[in-house]
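Numbering (our numbering), first residue to last: 1243 to 1378.
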């Protein structure tokens, strides 16, 4: 079960899922927020192999405790998966990743070193809304 802060973070990120960034940018945002709350995690980079034969590479996601955090798998999975709801999205237990989705970690991406102003520009202003909703 997610802790209170992670659950709140998950709900806010789901609310703003339309942020105009891909997996690399989205993991920067999530990592920045997790760093703010002093929650240990790492930004993983590698590829995702779907049972449809599609390989999503490069791909970035977050490993946080026993959870995988990925809000962009569906963005790319839409090219081969007819029911996107079958692909994990958001915060989900790593052991619950379906067998038809294989995350292959090939390294760790460096932590973000971006100012709030840069992140706000990168997200077309969504960063300010996220921070407001989280009370930071």
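Even glycine gets a Cβ: it sits at the ideal position worked out from N, Cα and C.
Once DSSP output is grouped into helix, strand and coil, what is the label at residue 1309?
strand
Helix, strand or coil at residue 1273 [DSSP, three-state]
helix
Let me check one thing: in DSSP terms, what residues is residue 1253 bridge-paired to?
Paired residue(s): none; residue 1253 is not in a bridge.
Local conformation of residue 1359 per DSSP, three classes:
helix
Going by alpha carbons, who is nearest to residue 1290 out of 1284, 1283, 1302, 1251?
1302
Buried or exposed: which applies to residue 1279, given that a residue is buried once 16 or more other Cβ atoms fall within 10 Å of its Cβ?
exposed
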